[in-house]
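Asker: Under the numbering used here, think of the first position of the sequence shown as 3, with each following residue one higher.
Heads up, the beta-carbon is just placed ideally off N, CA and C, and yes, glycines get one too.
The structure presented is a predicted model; accordingly, all values stated were derived computationally and were not measured.
Sharing a structure below in structure tokens format, with a few things to ask.
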Amino acid sequence: MSITATLVPILQDNYAWLLRDSASGFTAIVDPADPAPIIAAIEAAGGRLDLILLTHHHADHVAGTDAVRARFGAKVVGAAADAHRLPRLDQAVAEGDRVALGTAEAVVIETPGHTRGQINFHIPDGALLLSGDTLFSLGCGRLIEGTAAEMFASLAKLKALPAETLVCCGHEYTESNARFALSVDPDNAALRARAEQVRALRAAGKPTVPSRLADELAANPFLRAPDAAGFAALRAAKDKF
Ligand code: ZN
Ligand code: FE
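Put into structure tokens, the structure is as follows:
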């Protein structure tokens, strides 16, 4: 009885995530920005969609929501704080709220920084984190609306999750993130090994995610920043890299 996550590549480099509860058949999709490949993936998985989960309001995460909702009659879950700029929500959620996923549930973590209303979904039963544009493999989201201190605090919440958690992020940015990470932490053996693995995966046309939180803790410079000031300097350097 646990949730499994399967990525659906959409747009240029986005990932939507199809979540399935094997016990009940309950199915959800995270960030369905492009309706055609999303609907095809859901049909291929049995044609059932109960829930749409939204991490934040950017078009490359929400644009297909209404089309997918109309096709399957699914309910939509998103941040209460951003209800005014998200598609119509059936469940508006905030920090600590629980979202039923068949026999399992997701716990809402507010992670401001990339956007003010960004949320992540932690699914303990399945050890999954849907991290949107907060945490990427070897990177983190740009500070479009929030401050470095806010993003540092958001990432600190994610760092506290169980180390075996699989990080399911919103973009395939790992290869360029690895180049920056190696430039600031060239002697990190875990990072060097991960960068080599990423290079091989991309050369084979394969996704580099999801990744284990334990591996991100060892290799992702944004999770390794000692304090908010160190994080701010790192984020500024990445923006100019
Ligand atoms: Zn975004
Ligand atoms: Fe995005």
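(1) Specify, as a first and last residue, the run of the beta strand (DSSP E) that PHE123 falls within.
(2) Hey, how far is the Cα of LEU137 from the Cα of ARG237?
(3) What separation, rounded to the nearest whole angstrom, lies between the Cα atoms of ALA25 and ILE5?
(4) In chain order, what are the residues with a CB under 6 Å from some non-hydrogen atom of ligand 2?
(5) Considering only C-alpha positions, which residue in the set ALA231, LEU21, ALA85, LEU9 is nearest to ALA151?
(6) State yes or no: is the C-beta of LEU55 within less than 9 Å of the C-beta of ILE31?
(7) For a quick check, are the C-beta atoms of HIS116 and HIS58 less than 9 Å apart?
(8) Mind checking whether ASP187 and ARG226 have CB atoms under 9 Å apart?
(9) For ASP23, which residues in the same chain have their Cβ closer than 7 Å to its Cβ, ignoring the five residues on either side in sequence?
(10) Going residue by residue through the segment 88 to 175, where are the continuous alpha helix (DSSP H) segments of at least 4 residues, counting only ones entirely within it?
Answerer: Per the coordinate set shown:
(1) The residue you call residue 123 lines up with position 121 of the sequence shown. It spans 121 to 125 - the beta strand (DSSP E) in which PHE123 sits, taken as one unbroken run.
(2) In the sequence shown, counting from the first residue as 1, residue 137 sits at position 135. In the sequence shown, counting from the first residue as 1, residue 237 sits at position 235. Between LEU137 and ARG237, the C-alpha separation is close to 13 Å.
(3) To locate residue 25, count along the sequence shown from 1; it is residue 23. To locate residue 5, count along the sequence shown from 1; it is residue 3. Straight across, the Cα-Cα distance linking ALA25 with ILE5 is about 9 Å.
(4) Spelled out in chain order, the answer is HIS60, ASP62, HIS63, ASP135, GLY172, HIS173.
(5) Locating residue 151 in the sequence shown gives position 149, where the first residue counts as 1. Nearest C-alpha to ALA151: ALA231.
(6) Taking the sequence shown and counting its residues from 1, the one referred to as residue 55 is at position 53. Taking the sequence shown and counting its residues from 1, the one referred to as residue 31 is at position 29. Result yes, Cβ atoms of LEU55 and ILE31 sit closer than 9 Å.
(7) For the purposes of this step, residue 116 is taken as the residue at position 114 of the sequence shown. For the purposes of this step, residue 58 is taken as the residue at position 56 of the sequence shown. Yes; because the gap between Cβ atoms is below 9 Å, this pair is in contact.
(8) Numbered from its first residue, the sequence shown carries residue 187 at position 185. Numbered from its first residue, the sequence shown carries residue 226 at position 224. Contact annotation: ASP187 and ARG226 have beta-carbon atoms nearer than 9 Å.
(9) Position 21 of the sequence shown, counted from the start, is the residue given in the question as residue 23. The beta carbon of ASP23 lies closer than 7 Å to those of ILE5, LEU103, GLY104, THR105, ALA106 in the same chain, with the five residues before and after it left out.
(10) Qualifying alpha helix (DSSP H) stretches, in chain order: 150 to 161.
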